[in-house]
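What follows is a set of notes on a single structure, which appears directly below.
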Amino acid sequence: MAGPTPTDPAALFREMLGQWESMANEFGGNLMKSGEFTRVMHGANAANMKFKEARAEMMDRALDAANMPTKAEVGDLSARLHRIEATVDRIEAMLAAQAGGSATPDRPKPKRTRKPPQSKAAG
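Heads up, the sequence shown is in our numbering, so the first residue is 3 and it goes up one at a time.
Listed below in structure tokens is the structure:
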């Protein structure tokens, strides 16, 4: 006595998922083809850009009120400091070449005054 074969739940789920994907793809494709969708996306992008500009302006005002530098000002200071350090290095090299010495000046080495701990084994 052969009865109806039981249905596979995983197969039903795969079929349902496939149908749902095809319907979603069809709906999304038709939606993206419309001019209204393009206008809405353009408006959303414009609003996002305005929000970013407003946030940056607000941050600049807050940093100015707190007397703190902005990210751009810190970057400018870093670049300027790098140029100054490069100039100092060139001047040191020229002075060393004129003196006939090495490019790196001889600096006194730090004193090694630290001593190892003494054990208290004697007793």
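Ideal placement from N, C-alpha and C gives every residue a C-beta, glycine not left out. All figures in this text were calculated on a predicted structure; none of them were measured in a lab.
Let me know the secondary structure DSSP gives residue i once reduced to three states.
i      : result
Ser-36 : coil
Asp-91 : helix
Using the C-alpha atoms, what's the distance from residue j back to residue i?
i       : j      : result
Val-76  : Lys-52 : 24 Å
Ala-101 : Glu-94 : 11 Å
Arg-116 : Met-60 : 53 Å
Ala-58  : Arg-85 : 28 Å
Glu-55  : Glu-87 : 35 Å
Ile-110 : Val-90 : This sequence places Pro at residue 110; Ile is not what is there. Each residue's alpha carbon lies about 20 Å from the other.
Lys-113 : Ala-81 : 35 Å
Gly-20  : Arg-41 : 31 Å
Using 9 Å as the threshold, is the C-beta distance between residue i and residue j below it?
i      : j      : result
Leu-79 : Pro-71 : yes
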